[in-house]
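If you want my numbering, it's the position in the sequence shown, counting the first as 1, plus 1. Heads up, the beta-carbon is just placed ideally off N, CA and C, and yes, glycines get one too. All values reported here derive from a predicted model rather than from experimental measurement. What follows is a short report on a single structure.
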Amino acid sequence: MVARDWIPQSVDVSVPSMARTYDFLLGGAHNFAVDRELAAYVERVMPDARSAARVNRAFLGRAVRYMTDRGIRQFLDIGSGIPTVANVHEVSQAEAPGCRVVYVDKDPIAVAHSELILAGNDRATVVHGDMRDPESILDHPETRSLLDLDQPVGLLMLMMLHWVPDEDDPWKLVASYRDALAPGSHLAITHVTADGQDERLSEVTGLIEESRSADRLTERPHERVRALFGDFELVEPGLVGCAGWRSTGRGDISDTPEMNSVIYGGVARKP
């Protein structure tokens, strides 16, 4: 394989990463043959997987615009992934140029590429960190330099929490972030579910487990995803298939009905 200057030396290009596989499904270029191979296996089982990825990405834009319209001017995107198009800083700063954004990811390629596209943008930065260590993220100098946690924050955890197994207690983990936010803050979550899905999703979960990826998918039912919001107040229409959350047109919706509901999405406000 030909080396590319965006590949950190620490990255093992023979092991698939779900962040890079997702990048490929979105049409990105920062992925390797092993990621594309895993994506191909997934698409053989679930041919409309790209559509599900697109629907989730469209939700991100709507959620950020919703928050911006309600006065949120600072965002913390945890598990931000590899930048493609319509990133949080692009959406928010198009609505309100003064918006400030901190991206967080543990994937070194996601961080390296984020640093490249954010060069020269003094209102957006990226932190290399693991969401399982909230203190290191919330107290990171880059976070503190851009975000005032005494003021409302838009916190995004999109396509992230289903990679946290039950034994790591994602509910307690998210509570640590919720507790650090000021009243008026908003939390957006998207999360894969098996509710209403057929055996194909279980097959995809098995494919990921059989790969050498360190990522493991945990689908959760509605009530367990709803619990991640704690005492935050869900805004209408609540926790729904993310294609159904304040959709504005065909670009927000998949032509395959199952792909509109395989990912729950919701936004909630801290009272």
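> By how many angstroms is the C-alpha of R124 removed from the C-alpha of L240?
Replying inline: As a working note, residue 240 is residue 239 in the sequence shown. As a working note, residue 124 is residue 123 in the sequence shown. Roughly 31 Å separates the two Cα atoms.
> For M160, which of R133, G185 and I190 has the nearest alpha-carbon?
Replying inline: Taking the sequence shown and counting its residues from 1, one reaches residue 160 at position 159. Taking only the C-alpha atoms, the option nearest M160 is I190.
> If you compare alpha carbons, which of I118, G245, S177 and A183 is closest to L150?
Replying inline: As a first step, residue 150 is located in the sequence shown; it is residue number 149 there, counting from the start. Measuring from the Cα of L150, the nearest candidate turns out to be A183.
> From P222 to A228, what distance separates their C-alpha atoms?
Replying inline: As a first step, residue 222 must be located in the sequence shown, where it is residue number 221. As a first step, residue 228 must be located in the sequence shown, where it is residue number 227. Cα to Cα, P222 sits roughly 10 Å from A228.
> Would you report the Cα separation of M273 and V46, rounded to the nearest angstrom?
Replying inline: Past the edges of the chain, shown from 2 to 272, lies residue 273, and the structure says nothing about it.
> Which of the three DSSP states, helix, strand or coil, is assigned to D140?
Replying inline: Numbered from 1 along the sequence shown, position 139 holds the residue referred to as residue 140. Here D140 sits in coil by DSSP.
>> Tell me which residue opens and which closes the alpha helix (DSSP H) that I62 is part of.
In response: Taking the sequence shown and counting its residues from 1, one reaches residue 62 at position 61. Checking the displayed sequence, the identity of residue 62 turns out to be Gly instead of Ile. Segment A50 to D70, the alpha helix (DSSP H) holding G62.
> Residue range of the beta strand (DSSP E) that A269 falls in?
Replying inline: Residue numbering aside, residue 269 sits at position 268 when the sequence shown is read from its first letter. I264 to R270 is the extent of the beta strand (DSSP E) around A269.
> Along the chain, which unbroken stretches of the alpha helix (DSSP H) at least 4 residues long are found entirely within the stretch 115-178?
Replying inline: 135-139 and 142-147
>> On the criterion of 16 or more Cβ atoms from any shown chain inside 10 Å, does S212 qualify as buried, or is it exposed?
In response: By 1-based counting over the sequence shown, the position of residue 212 is 211. By the 10 Å Cβ count, S212 comes out buried.
> Of all the options G231, G252 and Y265, which has the alpha carbon lying nearest to the alpha carbon of G242?
Replying inline: Taking the first residue of the sequence shown as 1, we reach residue 242 at position 241. Residue Y265 is the option with its Cα nearest to G242.
> Grouping DSSP H, G and I as helix and E and B as strand, with all else coil, what is I110?
Replying inline: Position 109 of the sequence shown, counted from the first residue, corresponds to residue 110. Reduced to three states, the DSSP call for I110 is helix.
> Along the chain, where does the alpha helix (DSSP H) that runs through L27 open and close?
Replying inline: As a first step, residue 27 must be located in the sequence shown, where it is residue number 26. Looking at the DSSP string, L27 is not in any alpha helix (DSSP H), and its letter there is neither H nor E.
> Residues bridged to T191 by DSSP?
Replying inline: In the sequence shown, counting from the first residue as 1, residue 191 sits at position 190. Note: T191 sits in a beta bridge opposite L159 and G266.
>> Taking 8 Å as the threshold (C-beta atoms), are M19 and S1 in contact?
In response: Because the chain is modelled from 2 through 272, residue 1 falls outside the range shown and cannot be assessed.
>> Rounding to the nearest angstrom, what Cα-Cα distance links G82 and T249 in this structure?
In response: Residue numbering aside, residue 82 sits at position 81 when the sequence shown is read from its first letter. Residue numbering aside, residue 249 sits at position 248 when the sequence shown is read from its first letter. Looking at the two C-alpha atoms, the distance is approximately 25 Å.
>> Cutting at 7 Å between CB atoms, please list the residues of its own chain near A40, excluding the five before and the five after it.
In response: Against the sequence shown, residue 40 aligns to sequence position 39. Result list for A40: T22, F25 and L26, in chain order.
> What are the start and end residues of each continuous beta strand (DSSP E) run of 3 or more residues lying completely inside the stretch 174-261, in chain order?
Replying inline: 187-193
> What's the C-alpha gap between L174 and S262?
Replying inline: Your numbering for residue 174 matches position 173 in the sequence shown. Your numbering for residue 262 matches position 261 in the sequence shown. The straight-line gap from Cα to Cα measures roughly 25 Å.
> Three or more beta-carbon pairs under 8 Å between the stretch 131-144 and the stretch 47-55, yes or no?
Replying inline: no
>> Just to confirm the assignment, what range does the alpha helix (DSSP H) spanning R45 have?
In response: Along the sequence shown, read from residue 1 onward, the residue named residue 45 stands at position 44. That run of the alpha helix (DSSP H) goes A34 to V46.
> Which same chain residues, not among the five before or five after D131, have their C-beta less than 7 Å away from its C-beta?
Replying inline: In the sequence shown, residue 131 corresponds to position 130, counting from 1. Closer than 7 Å at the Cβ level, and outside the excluded window around D131, lie K107.
> For V236, which residues from the same chain have a beta carbon less than 7 Å from its beta carbon, with the 5 sequence-adjacent residues on both sides left out?
Replying inline: As a working note, residue 236 is residue 235 in the sequence shown. Closer than 7 Å at Cβ, skipping near neighbours: V268, A269 and R270.
>> Quick check: the Cα distance between W164 and T206, rounded to an integer number of angstroms?
In response: Reading the sequence shown from its first residue, position 163 is the one you call residue 164. Reading the sequence shown from its first residue, position 205 is the one you call residue 206. Looking at the two C-alpha atoms, the distance is approximately 11 Å.
>> Helix, strand or coil for V16? Go by DSSP, reduced to three states.
In response: Reading the sequence shown from its first residue, position 15 is the one you call residue 16. If DSSP states are grouped into helix, strand and coil, V16 belongs with coil.
>> Whole angstroms are fine: how far does the CA of D49 sit from the CA of D188?
In response: The residue you call residue 188 lines up with position 187 of the sequence shown. The residue you call residue 49 lines up with position 48 of the sequence shown. Before going on, a small fix: residue 188 reads as Leu here, not Asp. Those two C-alpha atoms are separated by around 28 Å.
> Which term fits V92, buried or exposed, when burial requires 16 or more other beta carbons within 10 angstroms of its beta carbon?
Replying inline: Your numbering for residue 92 matches position 91 in the sequence shown. Burial call: buried.
>> Quick check on the burial criterion: 16 or more other C-beta atoms within 10 angstroms. Buried or exposed for E220?
In response: To locate residue 220, count along the sequence shown from 1; it is residue 219. Buried, by the Cβ-count rule.
>> I need the straight-line Cα distance from L77 to E116, nearest angstrom please.
In response: As a working mapping, residue 77 is identified with position 76 in the sequence shown. As a working mapping, residue 116 is identified with position 115 in the sequence shown. Going by the C-alpha atoms only, they are around 16 Å apart.
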